[in-house]
Amino acid sequence: MNGPLLTLYKYAHNGDWDAIKNYLSRYPNAKKARIKPYGGTVLHVAAFSGNLKVVEELVKLMSVEELEMQDNQGNTGLSSAAFVGIRKMAECFVSKNRNLVTFVNAQKRIPLVQACISNCKDMALYLYSVTPFEFLCQDNGHHGSYFLQCAIGAQMLDIVFDFLHRFPCMATKTDDVLKSNALIRLSTSPQIFPSASRLAFWEQFFCTCICSQPIVASNDTVRIYVPAQSLRESKNIVLQVLSQLQAFAKNLFTFLGIKQIYDLKKIHIYSDKILRCMCEYISTLDYEEQLKASVPAAFHSAVKNGTVEFIMEMIKACPHVIICTDENSRTLFMSSIANRQEKVVSLIYGLEASRSGFVSLIDSSGNTMLHLAAKLSPPSQLSRISGAALQMQRELQWYKEVESIINPTDKDFPNVKGQIARELFTSDHEDLLVKGEEWMKATATSCTVVGALIITIMFTAAFTVPGGHVQANGYPFLKDKESFTVFIISDAISLFSSSASVLMFLGILTSRYAEEDFLISLPTKLIIGLSTLFFSIATMMVTFCAALMIIVDGKMQIIIPIVLVACIPVTFFMLLQFPLLVEIFVSTYGPGIFNKRMKRWY
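Using the working numbering, read the sequence shown as starting at 19 and increasing by one per residue.
Structure, rendered in structure tokens:
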């Protein structure tokens, strides 16, 4: 770094304007001197460091041409400000030189794109409001396409919708950096659509109850509103109080999770509007133009990512895509089976036309739909399921479900390697079968140890009752107390349930572990074993609490704290094992993988 300029660099980095002012009074030309090795000026350093006051003062001192100086990466001061995300800093630059919004750096990024990549929503909103549409659409729409793709990735969907509503054709323009377009970017973003959301039942309830503001498309002269001044910055005491109340309400809603649900619903609404806007434009193109716009590629990308909404709207806009194939000659439903996208496969039940035309096709390797179901799932899908045994169960369920869809004559159809689907399933799942057996045995062994300990404790407790026995007849002294009755009953239930649990886990350890056993038999034994073990632990705690009540003779100040502490192990077990128990139960006795009650949609 330049020796004389090192001091100026430190001043700018630390935001010391007084020191910078004194320095520049002695060396006026230093304001436009390039600081090695970055090649930027003192303005670049101050902007990148986020020092607003220094930037404002430097902008006043520098000429319009000096503001356009770029560092070695092609960044102007505004580009650095866009990276940091301080809107007032950008306003300061643009107010003096509006052309700065069109400067392109070495990565072919304009400040608006830089703000989207940095995920600075407030900055992106402002820069979008001052960037000329003509610039975004020129040169075959490179900058506009790049901006759209980055904005979709940052989930700034309100900006995306506003721009696409004005220029629908930008959905299919290809940029020079990513070599892609906004349509493909949307197809690879399943997280912004409702089908990818995994909300708890209470979150779904809130989502349906929340009323979001209706989306009104902007006209040709008015863009998205950017507030000039927040309530907190106002000098009016009433507005400041309102600002505090607004901040409190926002923090409360964030803590309760309501704000996140509200934001998610807004994303879903905007994604639907954007998708419809794109499909409406694509429907006006002829077949050759759709191929040039990569419509089939975007469609199959959505299939691989499981974006159901995209697939349905695209088929309605371009009916021919339902029969188009990917690079492996796989149709919509074949590709969805290969990528384990059950929601996409379920669409076959909502077709008006006969399904027979889709279920008997083969790909370039001679694989039928059943062959694709027989292959091992992609790691990204398999890892979503906990435990190798449950993964094996899900693989079997996929095979059985697809087997029920295809024509019976296709079950024994060989592929180009001469394998029928069942043989392919066995060879592909050989390792998973071994891992599933190991997982089952490890789980059963650990649970058997816990169950055996509970049996020992409960059996001993039954003959060492609190209070002792009457020597004449052997009856317990406290047999007439209600707490003693609770003690005996809970002890017996805990003993019997833990015994049943141990027997069930022993049954798991001695099972044959064939492929079909992972479908119903082994999961059922595991459900019974875990349920009875959980019940035995809970009743063991009840036994302990009942014995305590007998010993302390109703002293609640002692009983209540100890009972609360006794609930801790039960709670821990619930947190650790209950989700697994629910997952196994739903997977084994739930409605199945596919939604066979799919409404007619096409």
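Here a beta-carbon is modelled for each residue, glycine too, at the ideal position from N, C-alpha and C.
Just so you know, these numbers come straight off a predicted model, no measurement behind them.
field: Distance, Ile170 Cα to Ser289 Cα
entry: 9 angstroms
- prompt: Where does Ile53 sit, in a helix, a strand or coil, going by DSSP?
  reply: The three-state secondary structure of Ile53, taken from DSSP, is strand.
query: Where do the ends of the alpha helix (DSSP H) carrying His160 lie?
result: Phe151 to Gly171
query: Can you tell which of Val60, Gln91 and His31 has its C-alpha closest to the C-alpha of Met80?
result: Val60
field: Span of the alpha helix (DSSP H), counted from its first residue to its last, around Tyr607
entry: Start and end: Met574 to Tyr607.
message: Give me the residue from Gly162, Ser404, Lys334 and Ile380 with the minimum Cα distance to Arg618.
response: Taking each of Gly162, Ser404, Lys334 and Ile380 in turn and checking the Cα distance to Arg618, the smallest one comes out for Lys334.
field: Alpha carbon of Ala37 to alpha carbon of Phe121, nearest angstrom
entry: 30 angstroms
- prompt: Looking at Val63 and His31, is the spacing between their C-beta atoms short of 7 angstroms?
  reply: yes
query: Just the Cα atoms here: how many angstroms apart are Met141 and Phe111?
result: 13 angstroms
query: At which residue ranges does the stretch 315 to 365 contain complete alpha helix (DSSP H) runs of 4 or more residues, listed in the order of the chain?
result: With a minimum length of 4 residues, the continuous alpha helix (DSSP H) runs that stay inside the stretch 315 to 365 are 326 to 335, 350 to 356 and 360 to 363.
query: Is Gly68 helix, strand or coil by DSSP?
result: coil
- prompt: In whole angstroms, what is the alpha-carbon distance linking Phe317 and Thr190?
  reply: 13 angstroms
query: Under 7 angstroms between the Cβ atoms of Pro150 and Cys295?
result: No, the Cβ-Cβ distance between Pro150 and Cys295 is not below 7 angstroms.
field: Integer-rounded CB distance, given that Val362 should sit under 8 angstroms from Ser354
entry: 4 angstroms
task: Assign Gln575 to buried or exposed, taking buried as 16 or more other Cβ atoms, counted over all protein chains shown, within 10 Å of its Cβ.
output: It is exposed - the Cβ of Gln575 has fewer than 16 other Cβ atoms within 10 Å.
query: In this structure, what does DSSP give as the bridge partners for Gly58?
result: As computed with DSSP, Gly58 is found in a beta bridge with Ile53.
- request: State the DSSP-derived secondary structure class of Leu537, mapped to helix, strand or coil.
  value: coil
query: Do the stretch 426 to 440 and the stretch 551 to 560 make contact, defined as three or more Cβ pairs closer than 8 angstroms?
result: No: fewer than three Cβ pairs fall under 8 angstroms.
- request: Determine the closest residue to Pro55 out of Tyr27, Asn69 and His286, with distance taken between C-alpha atoms.
  value: Tyr27
message: With a threshold of 7 angstroms on Cβ separation, who are the neighbours of Ile341 within its own chain once the five nearest residues in sequence on each side are excluded?
response: Once the five neighbours on either side are set aside, the close Cβ partners of Ile341 are Thr349.
- prompt: Under a three-way DSSP split, which group does Asn93 fall into?
  reply: Three-state DSSP puts Asn93 in coil, outside helix and strand.
query: Taking Val560 as the reference, which of Lys453, Glu327 and Ile507 has the closest Cα?
result: Ile507
- request: Give the single residue among Ile526, Gln415 and Val321 whose Cα lies nearest to the Cα of Ser207.
  value: Val321
message: Given this structure, state the Cα-to-Cα distance separating Ile577 from Phe481, to the nearest angstrom.
response: If you take the alpha carbons of Ile577 and Phe481, they lie about 23 angstroms apart.
C-alpha gap between Val570 and Lys614, whole angstroms: Looking at the two C-alpha atoms, the distance is approximately 59 angstroms.
query: Buried or exposed: which applies to Arg44, given that a residue is buried once 16 or more other Cβ atoms fall within 10 Å of its Cβ?
result: exposed
- prompt: If we count the other Cβ atoms within 10 Å of its Cβ and call it buried at 16 or more, is Phe502 buried or exposed?
  reply: buried
task: Ignore the nearest five residues each way along the sequence and tell me which others in Met19's own chain have a CB closer than 8 angstroms to its CB.
output: Because the pLDDT at Met19 is just 46, under 50, the model does not fix this residue reliably, and the value given afterwards should be weighed accordingly. Result list for Met19: Tyr27, Ile53, Lys54 and Pro55, in chain order.
message: Please report the distance separating the alpha-carbon of Thr386 from that of Ser378.
response: 7 angstroms
query: When you compare each of Ile300, Ser404 and Asn425 to Phe376 by their alpha carbons, which one comes out closest?
result: Asn425
message: According to DSSP, simplified to helix, strand and coil, what is Ala246?
response: For Ala246, the predicted structure reports a pLDDT of 46, less than 50, and the residue's modelled location is therefore unreliable. The matter cannot be settled from this model.
query: Quick one, are the C-beta atoms of Ser213 and Glu327 less than 7 angstroms apart?
result: yes
query: Would Ala124 pass as a contact of Gln91 if the rule is Cβ separation under 7 angstroms?
result: yes
query: In angstroms, rounded to a whole number, what distance separates the CA positions of Gly469 and Met458?
result: Here the alpha carbons of Met458 and Gly469 stand approximately 16 angstroms from one another.
query: In its own chain, which residues sit with a C-beta less than 8 angstroms from the C-beta of Leu394, not counting the 5 before and 5 after it?
result: Leu400, Glu413, Asp446, His447 and Leu450
message: Rounded to the nearest angstrom, what separates Pro129 and Ser97 at their Cα positions?
response: One alpha carbon belongs to Pro129, the other to Ser97, and they sit about 5 angstroms apart.
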